[in-house]
Amino acid sequence: MAEPIDPTPQSVASPDSVPVEPPAPEFEPSTPVQYLPGVGAARAERLRRLGLRRAQDVLFFFPREHQFPPPPTRVDDLREGCPATFIGKITDAELVSRTPGKSLFAAIVENDSGAVRIVFFNQPFRAEQLIFDRIVRLSGSPKLAGLRWEFTHPKYELIEADEADAESPENKGEILPVYPLTECVKEYELRRLTRRVASVLAGGVKEVMPPSIRADASVRLREAGIELVGDLPGISTTLRDIHGPPSAEALTAARTRLIFQELFVMQLALAMRRTSLTGRLQAPAMPCTAKIRQRILRRFPFELTADQNRVIDEITREMGRQFPMNRLLQGDVGSGKTVVAIFAMMLAVASGHQATLMAPTEVLARQHYQTLSKILADSRVRIGLLCGSLTAAQRRETLEQIASGELDLIIGTQALVYDIDFHSLGLCVIDEQHKFGVRQRVRLREGGVDPHYLVMSATPIPRSVAMTQFGDVDLSTLREKPAGRGEVHTYLAVDSWRDRWWDFVRQRIAEGRQAYVVAPRVGNESVPRDPSTESPDDLDELTLLDEVEDVTSVSRTFENLRDNVLKEHRVELLHGRMKPEAKQDVMQRFADGEIDVLVSTTVIEVGVDVANATVMTILGGNRFGLAQLHQLRGRISRGVHAGYLCVFTDGEGSPEDSERLKVFEQTSDGFELAEADFRLRGPGDMLGRKQSGLAPLRIADLNRDIEILQVARTMAQELIDEDPGMQAEELAGLRDQVLRRYGDRLDLGDGA
Ligand code: ADP
Ligand code: MG
């Protein structure tokens, strides 16, 4: 029997009722949460842990998601075997038998529609939770036992009387917001509060997005495939609907508006910064004539790929202007980025300026130094190397030569180059920058102009990151690889393969190839540290060392391979704690083919280029990130021979580890891997607040909301192109938001 509908006359205003003054609002935006209805001191303390201090914080505390729960069923509407939710009070509870293996707990749950029975077999602990007089929400499929409906082993949740009320949103089949919570705040409490606050305050919130912008955005969002009925709603409706959506459509509209607004504000900030920088900075113009181009190209021992030529065009066009280039060159491992960088550096030198190339490690810096020395062997270009292993005297001399302009090209590790005085720096190339931090700038002389910047990364950044973190960076991409590259076969190994795999490695060595074996970290033997030679990578290695216990020790691995598994071959060890000369010596002998097997930590991760090395074994593969694995694999795809990579894992990997490794096995496309990495790790890592300089997002998700982000970016750039300072009257509110959220972070201050 259905409950008779009870019309609630007081909720319907009669048309002839006399209009009365609206009552003074019981609270205002600035009211401390403690004084909001139903909160009090204790709850206020818990709300503060969520960052909610004042009523307005509650208003803008957005739900993480929404649920669409079915309303609870009344006893008369229960059906045999049909899933149902039932809410009621426990009016009887009994542990019928305690005999282990035969215990039975039964309880009666009752509400105004009748009573049901719940039973649990062999779960005596239920008696401690399902206590007389508690209110519980059950769900399960009931069956008729005699005259009574019975739920066996239902799911249940103990709730408060308030939530059990038939009139509460939870029980009327309404769409329910789900908030990010701390342990001590109950979801339904927060729902009550946000609704209440929204109903009182939402109407008074000032609209910052003019209707014209909302209308324009709505059209473009629909074109981008967003399901949106009508225009983006105004802010008051939006705030009411996000906390208590009257329909799925209204909810979508409200969410879309908030997401769009958040991303729009961010993109406006980035667009403003781009524009203001354009007016402020100056760099030396270094135009590339056909003659210079010919002269540079003659020096390469091979033809450049079409992709390399295209990217060189993009770069030289910008270097020819007086505004500093700020460009990220992304290209998969082995795509030939270095060549592009060398071209740009030679252009700078040809124009009478200095250029610098910074590498993350000394091994890589030395390799670049050698490459460049070879290419420029019979030229007048003077190259200097600046790295930790120079003596104090050598270093002083090099620094003087840099300052006086005697050196044209300076290769070095990042830690060192950032700190020096250049005579006339025209171009700064940063190699293998695959951490997405805000890049440091080189030191400028007083009154000096900015150099052009070219940052290279083998870890392609996902589209969403490119549009946010790199909002003021231009992108160049190398997709094509130089012809004749061997393919790499990747295997995820199980332990029982070990013997067969080492057999395989021995065969390849017998054919004349060389092999890498990569193990996670140096063991715990006490090698003294030499801080002067620690490059950033090495530091990582050292600081992590103490945290990671029980790692596959590279030293033990080395000894075992040298003395047993591969004892007939020349095996050597390389790790970040070795003295620079020793490292360099090992690398050189490996490059010269005097070493068959290089056992190493990830110091070989970046850039190292030995074409004859085609076999790699990675131990403890679960300890590496996707980008790192991809970098490592890149070491064996440099020559004409096919590469073989076998990844072993240690211990029990987590499901995330194996997901990551599976992706790694299946694709060798750096772009796909980057997207997968972003998906698996979430944007947190890459867009850490500190690193990115961007405000944390409250409701938008860069991964999920990429289409909205794209629309926001386009519209923001158009708006700023037209009105760089956002001076139009109707933009005042939006401009405020941009400056409040991003002014300090992006240094928009006066320029904006
Ligand atoms: P990455 O993009 O990983 O830095 P590199 O610039 O180190 O790649 O290039 C990888 C290898 O390919 C190097 O040995 C380089 O000499 C070679 N290479 C680069 N461009 C070409 C080309 N156009 N033709 C043939 N070999 C090339
Ligand atoms: Mg490189």
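If you read the sequence shown in our numbering, its first letter stands for residue -10, the second for the next number, and so on.
Glycine residues also receive a C-beta, built at the ideal position from the N, C-alpha and C atoms.
If you're wondering where the values come from, they're calculated on a predicted model, not measured in any experiment.
Query raised in the report: Taking the Cβ atom as the reference point for each residue, do residue 598 and residue 622 lie within a distance shorter than 8 Å?
Result: With contacts defined as CB atoms closer than 8 Å, residue 598 and residue 622 fail to qualify as a contacting pair.
Query raised in the report: For residue 161, which three-state DSSP category applies?
Result: The answer is coil: DSSP assigns residue 161 none of H, G, I, E or B.
Query raised in the report: Got a sec, what are the start and stop residues for the alpha helix (DSSP H) residue 81 sits in?
Result: Per DSSP, residue 81 belongs to no alpha helix (DSSP H); it is in the beta strand (DSSP E), 73 to 86.
Report task. Return the first residue and the last residue of the alpha helix (DSSP H) that residue 34 is part of. Result -> 29 to 38 is the span of the alpha helix (DSSP H), which, as asked, contains residue 34.
Query raised in the report: Is the number of C-beta pairs between the stretch 576 to 590 and the stretch 340 to 347 that are closer than 8 Å three or more?
Result: In this structure the stretch 576 to 590 does not touch the stretch 340 to 347; the number of beta carbon pairs closer than 8 Å is below three.
Query raised in the report: Between residue 721 and residue 197, what straight-line distance do the alpha-carbon atoms span, to the nearest angstrom?
Result: Each residue's CA atom was taken as its position, placing residue 721 and residue 197 some 8 Å apart.
Query raised in the report: Taking DSSP as the reference, what is the three-state secondary structure of residue 140?
Result: DSSP places residue 140 in strand when its eight states are reduced to three.
Query raised in the report: Can you find at least 3 beta carbon pairs, one from the stretch 182 to 193 and one from the stretch 218 to 234, that sit closer than 8 Å?
Result: The stretch 182 to 193 vs the stretch 218 to 234: in contact.
Query raised in the report: Expressed to the nearest angstrom, what Euclidean distance is found between the alpha-carbon atoms of residue 111 and residue 484?
Result: Whole-angstrom Cα-Cα distance: 41 Å.
Query - Cutoff 8 Å: residue 442 Cβ touching any chain D Cβ - result: No chain D appears in this structure, which consists of one protein chain only.
Query raised in the report: Do residue 420 and the ligand MG come close, with the Cβ less than 7 Å from some heavy atom?
Result: Indeed, a heavy atom of the ligand MG lies less than 7 Å from the Cβ.
Query raised in the report: Is any heavy atom of the ligand ADP found at a distance shorter than 7 Å from the C-beta of residue 326?
Result: It does: the Cβ of residue 326 is within 7 Å (strictly closer) of some heavy atom of the ligand ADP.
Query raised in the report: Since residue 109 is in the beta strand (DSSP E), which residue starts that stretch and which ends it?
Result: Looking at the DSSP string, the run of the beta strand (DSSP E) that includes residue 109 is 103 to 110.
Query raised in the report: Alpha carbon to alpha carbon, how far is residue 176 from residue 26?
Result: Their Cα atoms are separated by approximately 17 Å.
**Report entry** Inter-residue CB distance, residue 610 and residue 591 (contact presumed, cutoff 8 Å)
**Finding:** The Cβ separation is near 12 Å, so there is no contact.
Query raised in the report: When burial is assigned at 16 or more other CB atoms within 10 Å of the CB, is residue 193 buried or exposed?
Result: Exposed.
Report task. Specify, as a first and last residue, the run of the alpha helix (DSSP H) that residue 422 falls within. Result -> Residue 422 -> no alpha helix (DSSP H), and no H or E assigned at all.
Query raised in the report: Out of curiosity, what's the CA-to-CA distance linking residue 211 and residue 242?
Result: CA-to-CA, the gap between residue 211 and residue 242 works out to about 11 Å.
Query raised in the report: For the putative contact between residue 252 and residue 701, defined by C-beta atoms under 8 Å, what is the C-beta separation to the nearest angstrom?
Result: Going by Cβ atoms, the distance from residue 252 to residue 701 rounds to 4 Å, so yes, they are a contact pair.
Report task. Have a look at residue 159 and residue 593 and give me their C-alpha separation to the nearest angstrom. Result -> Across the structure, residue 159 and residue 593 are spaced so that their CA atoms are roughly 57 Å apart.
Requested in this report: Mark residue 676 as exposed unless 16 or more other C-beta atoms lie within 10 angstroms of its C-beta, in which case mark it buried.
Outcome: For residue 676, the predicted model reports a pLDDT of 40, less than 50, meaning its position is unreliable; a value from the coordinates is still stated below. It is buried - the Cβ of residue 676 has at least 16 other Cβ atoms within 10 Å.
Query - Neighbourhood of residue 119 by C-beta, 7 Å cutoff - its chain only, sequence neighbours within 5 removed - result: The residues 79, 82, 96 and 125, in chain order, have a CB closer than 7 Å to that of residue 119 in the same chain once the five nearest residues on each side in sequence are set aside.
Query - Exposure of residue 681, with buried meaning 16 or more beta-carbon neighbours within 10 Å - result: Any reading at residue 681 must be qualified, since the residue scores a pLDDT of 44, below 50, and its modelled position is unreliable; the value itself is stated next. By the neighbour-count rule (16 or more Cβ atoms within 10 Å), residue 681 is buried.
Requested in this report: Kindly indicate the opening and closing residues of the alpha helix (DSSP H) around residue 391.
Outcome: That run of the alpha helix (DSSP H) goes 381 to 393.
Query raised in the report: So the beta strand (DSSP E) residue 154 belongs to, where does it begin and stop?
Result: For residue 154, no beta strand (DSSP E) encloses it, and the DSSP letter there is neither H nor E.
**Report entry** Collapsed DSSP secondary structure at residue 251 in the structure displayed
**Finding:** Reduced to three states, the DSSP call for residue 251 is helix.
Query raised in the report: Alpha carbon to alpha carbon, how far is residue 47 from residue 54?
Result: Taking the straight line from one Cα to the other gives about 16 Å.
Requested in this report: Compute the minimum distance between the beta carbon of residue 632 and the heavy atoms of the ligand ADP, and state whether it is under 7 Å.
Outcome: Proximity of the beta carbon of residue 632 to the ligand ADP is not indicated: no heavy atom of the ligand is located closer than 7 Å.
Query raised in the report: What is the DSSP secondary structure of residue 493, counted as helix, strand or coil?
Result: Looking at residue 493 - three-state DSSP - the assignment turns out to be helix.
Query raised in the report: Does the Cβ-Cβ distance between residue 266 and residue 334 come in under 8 Å?
Result: No, the pair does not count as a contact, with Cβ atoms beyond the cut-off.
Query raised in the report: Taking residue 747 as the reference, which of 392, 710, 374 and 471 has the closest Cα?
Result: Residue 747 is absent from the structure shown; the chain starts at -10 and stops at 741.
Requested in this report: May I ask you to report which of helix, strand or coil DSSP gives residue 619?
Outcome: Residue 619 falls in the helix class under three-state DSSP.
Query - Which residues DSSP lists as bridging residue 56, in chain order - result: Its beta-bridge partners are 165.
Report task. Put residue 482 into one of helix, strand or coil per three-state DSSP. Result -> Secondary structure of residue 482 (DSSP, three-state): coil.
Query raised in the report: Between the stretch 96 to 108 and the stretch 139 to 153, are three or more C-beta pairs nearer than 8 Å?
Result: Touching, per the Cβ criterion.
Query raised in the report: Between 183, 414 and 201, which lies nearest to residue 169 when the distance is taken from Cα to Cα?
Result: The closest CA to that of residue 169, considering only 183, 414 and 201, is found on 183.
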